[in-house]
Amino acid sequence: MSARPSTLPVTHIRPGARAMSFTLDEVWHARELLYFLVWRDIKVRYKQTALGIAWSVLQPFLTMVVFTIFFGRLAKLPSDGVPYPLFSLAALVPWTYFATAASNGASSLVGNQHLIAKVYFPRILVPLAAVLMPAVDLAVSFGMLVVLMAWYHVVPTAAIAALPLYVGLGILAAFAVTLWTSALSVRYRDARYVLPFVIQIWLFISPVAYPASMVPERWRLLYALNPMATVVEGFRSSLLGTPGPGSMAAIGVAVVAAALVAGAAYFRSVEGSIVDLA
Amino acid sequence: MADVAIKISGLGKRYTIGAREQQYDTLRDRIAAAATRPFRRLAPGGLGASTTIWALQDVTHEIRRGDVVGVIGGNGAGKSTLLKILSRITTPTEGEAEIHGRVGSLLEVGTGFHPDLTGRENIFLNGAILGMRKAEIERKFDEIVRFAEIEEFIDTPVKHYSSGMYVRLGFAVAAQMEPEILIVDEVLAVGDVHFQRKCLGKLDDVARSGRTVLFVSHNMAAIQRLCTSAMLLQRGRLVRVGDVRSTVAAYLGGEARGGFVAAARTGEPQILSADLEDVTGRPLENPACTEPIVCRIQFTLPHRAPGTRVGIGVLSCDGVPVFTTNNTDAGLPCPSGPGDFEARVTIPPNSLLAGDFHLALCLWNPGVILDLQEPALSFSVDAGRSPLYAENATRKGYVHVECAWSVTPRIESAAGMLS
Chain D
2 MSARPSTLPV
12 THIRPGARAM
22 SFTLDEVWHA
32 RELLYFLVWR
42 DIKVRYKQTA
52 LGIAWSVLQP
62 FLTMVVFTIF
72 FGRLAKLPSD
82 GVPYPLFSLA
92 ALVPWTYFAT
102 AASNGASSLV
112 GNQHLIAKVY
122 FPRILVPLAA
132 VLMPAVDLAV
142 SFGMLVVLMA
152 WYHVVPTAAI
162 AALPLYVGLG
172 ILAAFAVTLW
182 TSALSVRYRD
192 ARYVLPFVIQ
202 IWLFISPVAY
212 PASMVPERWR
222 LLYALNPMAT
232 VVEGFRSSLL
242 GTPGPGSMAA
252 IGVAVVAAAL
262 VAGAAYFRSV
272 EGSIVDLA
Chain H
4 MADVAIKISG
14 LGKRYTIGAR
24 EQQYDTLRDR
34 IAAAATRPFR
44 RLAPGGLGAS
54 TTIWALQDVT
64 HEIRRGDVVG
74 VIGGNGAGKS
84 TLLKILSRIT
94 TPTEGEAEIH
104 GRVGSLLEVG
114 TGFHPDLTGR
124 ENIFLNGAIL
134 GMRKAEIERK
144 FDEIVRFAEI
154 EEFIDTPVKH
164 YSSGMYVRLG
174 FAVAAQMEPE
184 ILIVDEVLAV
194 GDVHFQRKCL
204 GKLDDVARSG
214 RTVLFVSHNM
224 AAIQRLCTSA
234 MLLQRGRLVR
244 VGDVRSTVAA
254 YLGGEARGGF
264 VAAARTGEPQ
274 ILSADLEDVT
284 GRPLENPACT
294 EPIVCRIQFT
304 LPHRAPGTRV
314 GIGVLSCDGV
324 PVFTTNNTDA
334 GLPCPSGPGD
344 FEARVTIPPN
354 SLLAGDFHLA
364 LCLWNPGVIL
374 DLQEPALSFS
384 VDAGRSPLYA
394 ENATRKGYVH
404 VECAWSVTPR
414 IESAAGMLS
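Structure, rendered in structure tokens:
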């Protein structure tokens, strides 16, 4: 080995949480591992479930049917002038992604304990992979949404250009939640039981079954603190031309950004002790 | 200074067990603990009541580029903790380490294998986990499959693999890593003899290629064959560094000759003491070949543990296992506790040849090792006036096996003489 020592990377191992902190650079170098972690989860689910990828279509579809019957027909909730099935499905597609990603993410560190205990890689890849995997479902269920739009002869306008931004915000929101829940659930296994309940409540404080315009103006600011309000309303407006999130978006983005930064800091503070705690 | 690969200074790792931290499994416990904390602080012994264990303490050493270092020591000596810190799996509590070069660590064979994925899929997954690039794995794919000898099962889910195939595939992938520094923990403990030999050969190649290797094993023969130097850990401390031969000898000879006594009662199932004596109960240090050797083992089971086995392993002077035996060999019922027990095992006369031996003691339940003392004590067997050594005969190996012999004239040649 004639390589000059100065060309070799030097790793410093020191006590304290920060010593193991990830850097964006490190994550970039490990992008192939990220890909394989997502790929593994997709493959495994495809092999273990009888319906495989069909689940990603069935779940939002059946929820839409139920919502249409109860909220659309019986409760006669307004739907911004769009047929109710389309109105609710356009919200259920991003919402289902968020709910799946958040619950997937919460158990990700605990579920990958065997890996974490035996080999080093940037730990943040685990929650990141957990929120990226359901994006495949999102893509598939988006296809179903397009079919339903064609059925109702709804043609998207130029507003569709904003769609990727709302999808991106939804992924970041799920990642922010996951940074917290995955790290917390290593220490407190309660998190696993609390989360489904929280997500259920969250569904009703997001404009999925009803339009955000139903929320009284003076509560709108408080309502906007839920970034999923921006994501759902924005996703729907960019496809169906319904009213967009408007000024709610600024608050939603700010909340996601703050949660991401704080979540990353919390994750950094515990990632070094994941092995010792579990 | 330029050729230092790993610089370890004052490295230590403390684990807190018992009263704190470990029981913070649920939010409720956390709240309860927070509520009672002010009172515990006042109570005698208060917070200090939680037990802290230094799995590793004050380890300082410099490993040069190209060194192949064996890390040896008994169970709980801190070998695995050291490797885990250097592999960045866990953080040290104090001290620091500086590593020059990329590290590949192999603490387990087949890390991250998913039972539902095929061999082919797992090669890519495992390779990525070990830090290999996809292109790199693709290039080495055929070699991996050949090394693992699983050509015809490459598209079968690994859950259908035999344990041997699984381990072979895992090692085959890991063998393709090309880091500057390789950290290997006890991977040779698995797999059949043929495969172990193959792994050793591969590690030999790695060692000869000028890479730096840190190798933990209980197999002293493997350590002596592969390593250029060794670090001896005892109870978390680095007690000796030096050339392999003398360090291994210090490790194997370091334990009390003729007797073993546990440091303290831990409250867990454990071996308390062991000694060797003759049939009349007199302590033995240099038994003769012709003498039966009685090993007395005191152990304790603080809780009920049905089906507990107690066993000994006789190791040669260079650490090669010679034979093992346990209480079920004699068809004895297993103690279930709670309580203290004494086991006696008699090694029959004329079974061990003259030489130095070590004794390992083990207490286990099928699948779970409760206590392992390896090696616990040493003894030398004397040729004495054994007929085995009559006329200054030399004998190779470690044991004598009573064989039936006959030497007679060949019938054919006798028949030939008649015709």
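Chains D and H, in that order, are what the protein sequence lines are. With positions in the first sequence counted from 1, the corresponding number in my numbering is that position plus 1. With positions in the second sequence counted from 1, the corresponding number in my numbering is that position plus 3. Yeah, the Cβ is synthetic: ideal placement off N, Cα and C, and Gly gets one too. Keep in mind the model is a prediction, meaning the values are calculated, not measured.
Can you tell me whether residue 204 (chain H) is buried or exposed, with buried defined as 16 or more other CB within 10 angstroms of its CB?
Within the second sequence, the letter at position 201 stands for residue 204 (chain H). So residue 204 (chain H) ends up on the exposed side.
If residue 164 (chain D) and residue 240 (chain D) are in contact, beta carbons under 8 Å, what's the gap, nearest whole angstrom?
Taking the first sequence and counting its residues from 1, one reaches residue 164 (chain D) at position 163. Taking the first sequence and counting its residues from 1, one reaches residue 240 (chain D) at position 239. Right, their Cβ atoms sit about 7 Å apart.
Helix, strand or coil at residue 378 (chain H) according to DSSP, with G and I counted as helix:
Walking along the second sequence from the start, residue 378 (chain H) turns up at place 375. Reduced to three states, the DSSP call for residue 378 (chain H) is strand.
So, for residue 323 (chain H): in the same chain, excluding its five sequence neighbours on each side, which residues have a beta-carbon less than 6 Å away from its beta-carbon?
Numbered from its first residue, the second sequence carries residue 323 (chain H) at position 320. Only 224 meet the Cβ criterion.
In chain order, what residues of the same chain lie with their CB nearer than 6 Å to the CB of residue 268 (chain D), ignoring the 5 residues before and after it?
Indexing the first sequence from 1 puts residue 268 (chain D) at position 267. Contacts found: 180 and 184.
Taking 7 Å as the cut-off, does the CB of residue 118 (chain H) come closer than this to any heavy atom belonging to the ligand MN?
This structure simply doesn't include the ligand MN, nor any ligand for that matter.
Assumed close pair residue 177 (chain D), residue 102 (chain D) - CB separation to whole angstroms, cut-off 8 Å:
What you label residue 177 (chain D) is simply residue 176 of the first sequence in a count that begins at 1. What you label residue 102 (chain D) is simply residue 101 of the first sequence in a count that begins at 1. So it is not a contact: roughly 11 Å between Cβ atoms.
Thinking C-alpha only, which one of D:264, D:113, D:62 and D:190 is nearest residue 88 (chain D)?
Here residue 88 (chain D) refers to the residue found at position 87 of the first sequence. Checking every option, the nearest Cα to that of residue 88 (chain D) belongs to D:62.
Residue 16 (chain H): buried (16+ other C-beta within 10 angstroms of its C-beta) or exposed?
The residue given as residue 16 (chain H) occupies position 13 in the second sequence. Buried: at least 16 other Cβ atoms inside 10 Å.
Whole alpha helix (DSSP H) elements within the stretch 234 to 301 of chain H, 4-residue minimum
247 to 257
In the DSSP assignment, what are the bridge partners of residue 344 (chain H)?
Position 341 of the second sequence holds residue 344 (chain H). DSSP lists H:302 as partners of residue 344 (chain H).
So with Cβ pairs under 8 Å, would you call residue 12 (chain D) a contact of chain H?
Reading the first sequence from its first residue, position 11 is the one you call residue 12 (chain D). So yes, residue 12 (chain D) belongs to the interface.
From residue 243 (chain H) to residue 191 (chain D), what distance separates their C-alpha atoms?
Indexing the second sequence from 1 puts residue 243 (chain H) at position 240. Indexing the first sequence from 1 puts residue 191 (chain D) at position 190. Spanning the two alpha carbons is a distance of roughly 46 Å.
Please report whether the beta-carbon of residue 65 (chain H) lies at a distance below 8 Å from any beta-carbon of chain D.
Residue mapping note: residue 65 (chain H) aligns to position 62 of the second sequence, counting from 1. Closer than 8 Å: no.
Relative to the alpha-carbon of residue 328 (chain H), which residue among H:241, H:103, H:319 and H:348 has its alpha-carbon at the smallest distance?
By one-based count along the second sequence, residue 328 (chain H) stands at place 325. Here the closest residue by C-alpha is H:348.
Contact set for residue 90 (chain D): own chain, Cβ-Cβ below 8 Å, skip 5 residues either direction
Your numbering for residue 90 (chain D) matches position 89 in the first sequence. Contacts found: 61, 62, 65, 145, 146 and 149.
Counting only beta-carbon atoms, is residue 142 (chain H) nearer than 8 Å to chain D?
To locate residue 142 (chain H), count along the second sequence from 1; it is residue 139. Not one chain D Cβ lies under 8 Å of residue 142 (chain H).
Kindly indicate the opening and closing residues of the beta strand (DSSP E) around residue 55 (chain H).
Sequence index remark: in the second sequence, residue 55 (chain H) carries index 52 (1-based). It spans 54 to 67 - the beta strand (DSSP E) in which residue 55 (chain H) sits, taken as one unbroken run.
Chain H contacts made by the stretch 41 to 74 of chain D, where a contact means CB separation under 9 Å:
41, 44, 45, 48 and 49
Considering only the alpha carbon of each residue, which of D:274, D:80 and D:254 lies closest to residue 169 (chain D)?
In the first sequence, counting from the first residue as 1, residue 169 (chain D) sits at position 168. The shortest C-alpha separation from residue 169 (chain D) is found at D:254.
Amino acids of chain H, ordered along the chain, whose beta-carbon sits closer than 8 Å to that of residue 277 (chain D):
As a working note, residue 277 (chain D) is residue 276 in the first sequence. In chain order: 18 and 93.
If contacts are defined as beta-carbon pairs under 8 Å, then residue 366 (chain H) and residue 313 (chain H) qualify, I think. What distance do you get, rounded to the angstrom?
Taking the second sequence and counting its residues from 1, the one referred to as residue 366 (chain H) is at position 363. Taking the second sequence and counting its residues from 1, the one referred to as residue 313 (chain H) is at position 310. Correct: roughly 5 Å between the Cβ atoms.
Measure the CB-CB distance between residue 128 (chain H) and residue 217 (chain H) and report whether it falls below 8 Å.
Taking the first residue of the second sequence as 1, we reach residue 128 (chain H) at position 125. Taking the first residue of the second sequence as 1, we reach residue 217 (chain H) at position 214. No, these two residues do not count as a Cβ contact at 8 Å.
Closest to residue 139 (chain H) by C-alpha separation, out of H:182, H:385 and H:104, would be which residue?
The sequence position of residue 139 (chain H) within the second sequence is 136, counting from 1. Closest by alpha carbon: H:182.
Would DSSP call residue 364 (chain D) helix, strand or coil?
What is shown of chain D runs 2 to 279, which leaves residue 364 (chain D) out entirely.
Between the alpha carbons of residue 350 (chain H) and residue 282 (chain H), how many angstroms are there, rounded?
On the second sequence, residue 350 (chain H) is found 347 positions in, with the first residue counted as 1. On the second sequence, residue 282 (chain H) is found 279 positions in, with the first residue counted as 1. Distance between the alpha carbons of residue 350 (chain H) and residue 282 (chain H): 11 Å.
Quick one, are the C-beta atoms of residue 18 (chain H) and residue 66 (chain H) less than 8 Å apart?
For the purposes of this step, residue 18 (chain H) is identified with residue 15 of the second sequence, where counting begins at 1. For the purposes of this step, residue 66 (chain H) is identified with residue 63 of the second sequence, where counting begins at 1. No. Outside cutoff.
Taking the CB atoms as reference points, tell me whether residue 11 (chain D) and residue 103 (chain H) lie closer together than 8 Å.
Walking along the first sequence from the start, residue 11 (chain D) turns up at place 10. Walking along the second sequence from the start, residue 103 (chain H) turns up at place 100. Yes, the Cβ-Cβ distance between residue 11 (chain D) and residue 103 (chain H) is below 8 Å.
Is there a Cβ from chain D that is less than 8 Å from the Cβ of residue 46 (chain H)?
To locate residue 46 (chain H), count along the second sequence from 1; it is residue 43. Below a pLDDT of 50, predicted positions are generally treated as unreliable, and residue 46 (chain H), at 43, falls in that range; no measurement from the model is reported.
Below 8 Å between beta carbons: does that hold for residue 141 (chain D) and residue 54 (chain D)?
Stepping through the first sequence from its first residue, residue 141 (chain D) is reached at position 140. Stepping through the first sequence from its first residue, residue 54 (chain D) is reached at position 53. Contact: yes.
Coarse secondary structure for residue 84 (chain D), derived from DSSP in three states:
The residue labelled residue 84 (chain D) in the question sits at position 83 within the first sequence. Coil, per DSSP.
When you compare only the Cα positions, how much space is there between residue 340 (chain H) and residue 78 (chain H)?
By 1-based counting over the second sequence, the position of residue 340 (chain H) is 337. By 1-based counting over the second sequence, the position of residue 78 (chain H) is 75. Cα-Cα distance, rounded: 24 Å.
Is residue 267 (chain D) close to chain H, meaning its C-beta is less than 8 Å from at least one C-beta of that chain?
Residue mapping note: residue 267 (chain D) aligns to position 266 of the first sequence, counting from 1. Taking Cβ atoms only, chain H never reaches closer than 8 Å to residue 267 (chain D), which makes this a no.
Just the Cα atoms here: how many angstroms apart are residue 76 (chain H) and residue 253 (chain H)?
Counting from one through the second sequence, the residue named residue 76 (chain H) turns up at place 73. Counting from one through the second sequence, the residue named residue 253 (chain H) turns up at place 250. Each residue's alpha carbon lies about 10 Å from the other.
Please list, in chain order, the chain D residues whose beta carbon lies closer than 7 Å to that of residue 133 (chain H).
Position 130 of the second sequence, counting from 1, holds the residue named residue 133 (chain H). In chain order: 120.
Anyone know if the C-beta pair for residue 252 (chain D) and residue 278 (chain D) falls short of 8 Å?
Taking the first sequence and counting its residues from 1, the one referred to as residue 252 (chain D) is at position 251. Taking the first sequence and counting its residues from 1, the one referred to as residue 278 (chain D) is at position 277. For residue 252 (chain D) and residue 278 (chain D), no; Cβs fall outside 8 Å.
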